[in-house]
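Working notes for the structure below.
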Amino acid sequence: MNIRTAVYPGSFDPVTLGHMDIIERSAKAFERLVVLIVENPEKKVSFSLEERRALIEKVTSHMDNVSIDTHRGLLIDYLRGHDYRIIIKGLRAISDFDYEFQMALTNKKLAEEIETMFMMTRAEYAFLSSSVVKIVGPMGGDISGMVPASIKEDILHRLTSLKGEE
Ligand code: ADP
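Counting with the working numbering, you get residues 58 to 223 for the letters of the sequence shown.
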């Protein structure tokens with residue numbers, strides 16, 4: 058059982074500075090971190106799986122112990138398949154709590170050996186979400202404090218082209 062690797066799952070549509078903060082801190086707390094892009098057929102996304110992966114790759118390339126993977130289906134099946142045991146979740150203001158509480162208890166019921174660990178958001182990212190970026194960006198708002206500088210233009214480009222498709 059591998060307890061040195063943690064798995065950080067999410068949609069990352071797109072990756073934000075809030076996600077980056079959790080990635081950087083988890084990568085310091087564990088020997089290895091897998092950022093897992095989970096495909097959720099019920100969630101409408103703006104960035105394709107490949108685009109989301111490319112963006113995360115660009116901003117984590119300097120971190121040797123961080124890798125990226127994708128998964129469709131139950132999260133616990135991914136962990137079991139790789140013999141991993143730790144799920145990392147970021148926790149923002151109260152809004153995340155109900156959902157994350159429910160998910161953590163469900164996963165515990167489905168897989169007793171897997172632990173969900175929560176990392177509290179940094180205060181400055183408490184209200185930051187991918188949704189906020191997707192609302193502010195296309196309307197011309199400054200997303201500099203929301204996403205890593207190196208992918209800001211890629212994100213804006215994609216969001217603006219989406220606006221044109223509407
Ligand atoms: P979102 O909730 O923005 O759609 P994701 O599904 O990609 O994002 O979230 C993946 C994980 O990252 C979840 O555990 C979520 O709580 C966490 N997370 C998202 N934004 C932040 C943030 N600003 N600070 C801390 N954790 C965050």
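Even for Gly, the Cβ is constructed at its ideal location relative to N, Cα and C.
- Residue state for Ala63 is assigned as strand, using DSSP reduced to three classes.
- Residues Tyr65, Leu90, Val92, Thr117, Val123 of the same chain have their beta carbon placed closer than 7 Å to that of Ile80, with the five preceding and five following residues left out of the count.
- Between the ligand ADP and the CB of Ile79, the shortest heavy atom gap is smaller than 8 Å.
- The Cβ atoms of Gly194 and Leu216 sit closer than 9 Å to each other.
- When DSSP states are grouped into helix, strand and coil, Ile208 belongs to the helix group.
- Contact between Ser188 and Ser68 fails: their C-beta atoms lie close to 10 Å from each other, not under 8 Å.
- In its chain, beyond the 5 residues on either side, Asp140, Tyr141 have a beta carbon closer than 6 Å to the beta carbon of Asn59.
- The beta carbon of Leu148 sits closer than 8 Å to at least one heavy atom of the ligand ADP.
- Look at Ser188 here: in three-state DSSP terms it is helix.
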